[in-house]
Amino acid sequence: MGVNHNELLLAAECADRLGLTIRALKVYEDRGLITPRRTEQKWRLYGAVEIARLTEILALRRLGLSLTRITEMLAGTPPALGQTLAVQQSAFSDLRDRVDHSLSLIDAALRKIERGDAVSIDELVVLARDTGMTGLSPDAGAWRRYEQTRPRREASLVSENGWA
Numbered sequence: 000m001g002v003n004h005n006e007l008l009l010a011a012e013c014a015d016r017l018g019l020t021i022r023a024l025k026v027y028e029d030r031g032l033i034t035p036r037r038t039e040q041k042w043r044l045y046g047a048v049e050i051a052r053l054t055e056i057l058a059l060r061r062l063g064l065s066l067t068r069i070t071e072m073l074a075g076t077p078p079a080l081g082q083t084l085a086v087q088q089s090a091f092s093d094l095r096d097r098v099d100h101s102l103s104l105i106d107a108a109l110r111k112i113e114r115g116d117a118v119s120i121d122e123l124v125v126l127a128r129d130t131g132m133t134g135l136s137p138d139a140g141a142w143r144r145y146e147q148t149r150p151r152r153e154a155s156l157v158s159e160n161g162w163a
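The sequence shown runs contiguously to residue 163 in numbering that gives the first Met the number 0.
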C-alpha cells in the first residue's frame with residue numbers, strides 16, 4: 000500500500016510523532032525546507048510531502064550536517080525519500096557491522112581476562128581504535144553516498160574578472 004496523501008497532521012501532532020518541537024518545524028518552514036498547508040484559521044497542516052521532507056532533514060542531521068548545509072543542499076528540490084531511506088539503510092548496515100566487529104573484539108578480550116590471560120598492548124590498541132563510541136553517529140561514508148544521489152545544479156564558470 001502506498002502513502003496516504005489525504006492524511007494531514009496539525010503542527011503539535013506532527014512534532015510529537017516525529018520527536019521534534021513545534022519551534023523546529025517553524026525553523027524548517029522559515030528556511031524554506033517545508034511549506035505546510037494552512038487551515039482557514041492559519042494553522043499549519045503537514046501531509047505526506049512535508050513528512051517525507053522532514054524525514055530527509057532528520058536523516059541528514061543524524062549524518063552530522065548542519066542545518067545551514069541542509070538548507071543549501073535541499074533548496075528547490077523535491078523530497079527524495081527513497082534515496083534518503085536507501086542511504087539510511089546503508090548507514091545502519093555499516094553501523095551494525097562496526098558494532099558487531101567491536102562486540103567480537105570486546106568478547107575476545109573478556110574471555111582472555113576471565114581465563115586469567117593478559118591482554119597484549121597490540122590487542123588494547125585494536126580495542127581502543129576499533130571500539131570507539133564517538134564515531135558511531137555522524138557517518139561520513141553514508142553522507143558521501145547521499146551526496147552522490149542528489150541532483151546536481153549547473154554552476155557558472157565565469158570568475159569575478161569575467162574570465163571563464
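For every residue, glycine included, the Cβ atom is placed at its ideal position computed from N, Cα and C. Computed from a prediction, not measured in an experiment: that's the story for all the values here.
For the pair ASP129 and HIS100, the Cα-to-Cα distance works out to about 8 Å. Setting aside the 5 residues that flank it on each side, ALA108 is surrounded in the same chain by VAL118, GLU122, LEU126, each with a C-beta closer than 7 Å to its C-beta; the list follows chain order. Fewer than three beta-carbon pairs drawn from the stretch 27-47 and the stretch 82-98 are found closer than 8 Å, and the two stretches are therefore not classed as touching. Counting C-beta atoms within 10 angstroms of its own C-beta, GLU55 has 16 or more neighbours from the protein chains shown and is therefore classed as buried. Of the candidates PHE91, LYS41, GLY18, LYS25, the residue whose Cα lies closest to the Cα of LEU62 is PHE91.
The straight-line gap separating the alpha-carbon atoms of VAL26 and ARG110 is approximately 51 Å.
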